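Colleague: Following this message is one structure expressed as structure tokens.
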Amino acid sequence: MLGISPQATGDFAMTIVWAVLWGVCVSLPVVPQQSRLVAHAPDAAAVLLGLNNSAIYVGVALGGALGGLLQEQLTPAGLGLAGAAVSVAGLLANLATRRAVPRADATDRSPGSHGSHTLR
Numbered sequence: 000m001l002g003i004s005p006q007a008t009g010d011f012a013m014t015i016v017w018a019v020l021w022g023v024c025v026s027l028p029v030v031p032q033q034s035r036l037v038a039h040a041p042d043a044a045a046v047l048l049g050l051n052n053s054a055i056y057v058g059v060a061l062g063g064a065l066g067g068l069l070q071e072q073l074t075p076a077g078l079g080l081a082g083a084a085v086s087v088a089g090l091l092a093n094l095a096t097r098r099a100v101p102r103a104d105a106t107d108r109s110p111g112s113h114g115s116h117t118l119r
């Protein structure tokens with residue numbers, strides 16, 4: 000979305016479409032992430048969800064600070080591309096830190112069963 004922001008700055012209708020798509024794309028990953036956190040440690044769900052929300056707020060604050068620093072050097076279109084670069088860096092960091100986590104298999108509930116392994 001940030002990569003196509005240069006096209007959204009010149010036309011009001013395109014800006015509205017971009018803003019709606021932005022809102023949808025930003026909100027979509029939150030619920031699955033929260034579900035994964037609760038599934039990972041159900042007994043600590045409240046703490047995990049609180050930390051997750053805090054991390055989101057820190058990211059929003061840092062993004063605003065970086066945008067504020069860069070707005071004098073870049074055009075609005077350039078800010079979108081800079082934001083896209085930061086998003087890609089975050090995606091690459093996420094992919095680089097994935098690991099196999101044991102997951103209980105629904106068909107095998109015997110004691111000591113480790114089930115299958117999935118990436119999380």
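Per numbering that gives the first Met the number 0, residue 0 is the first one in the sequence shown, and the count goes up by one each step. For every residue, glycine included, the Cβ atom is placed at its ideal position computed from N, Cα and C. These figures come from a predicted structure and were not determined experimentally.
Does the distance from the C-beta atom of Asn51 to that of Leu36 stay below 8 Å?
Modeller: In this structure, Leu36 lies closer than 8 Å to Asn51 by Cβ.
Colleague: Looking only at its own chain, which residues have a Cβ that is under 8 Å from the Cβ of Ser109, when we skip the five neighbours before and after it?
Modeller: Note that Ser109 has pLDDT 49, beneath the 50 cutoff, so the model's placement of it is unreliable and the number below is only indicative. If we look at Ser109 and ignore the five residues flanking it on each side, it has no Cβ neighbours.
Colleague: Under the assumption that Arg69 contacts Ala81 (Cβ atoms under 8 Å), give the Cβ distance between them as a whole number of angstroms.
Modeller: It should be noted that the sequence gives Leu, not Arg, for residue 69. Correct: roughly 6 Å between the Cβ atoms.
Colleague: Leu65 to Ala45, Cα distance in whole Å?
Modeller: Their Cα atoms are separated by approximately 30 Å.
Colleague: Can you tell me whether Gly79 is buried or exposed, with buried defined as 16 or more other CB within 10 angstroms of its CB?
Modeller: Classification for Gly79: buried.
Colleague: Could you tell me the distance, in whole angstroms, from the CA atom of His39 to the CA atom of Glu71?
Modeller: Their Cα atoms are separated by approximately 43 Å.
Colleague: Could you name the residues of the same chain whose beta carbon sits closer than 8 Å to that of Gly62, not counting the 5 residues immediately before and after it, in chain order?
Modeller: Gly82 and Val85, listed in sequence order.
Colleague: Which value, in whole angstroms, describes the spacing of the CA atoms of Arg143 and Thr8?
Modeller: Shown here, the chain extends from 0 to 119; a query on residue 143 therefore has no answer.
Colleague: Determine the extent of the alpha helix (DSSP H) in which Gly89 is found, giving its start and end residues.
Modeller: Residues Pro75 to Ala95.
Colleague: Could you tell me the boundaries of the alpha helix (DSSP H) in which Gln33 lies?
Modeller: Val29 to His39 is the extent of the alpha helix (DSSP H) around Gln33.
Colleague: Could you tell me the boundaries of the alpha helix (DSSP H) in which Gly58 lies?
Modeller: Ala44 to Leu69 is the extent of the alpha helix (DSSP H) around Gly58.
Colleague: What's the gap between the Cα of Trp21 and the Cα of Asp42?
Modeller: Going from the Cα of Trp21 to the Cα of Asp42 covers about 34 Å.
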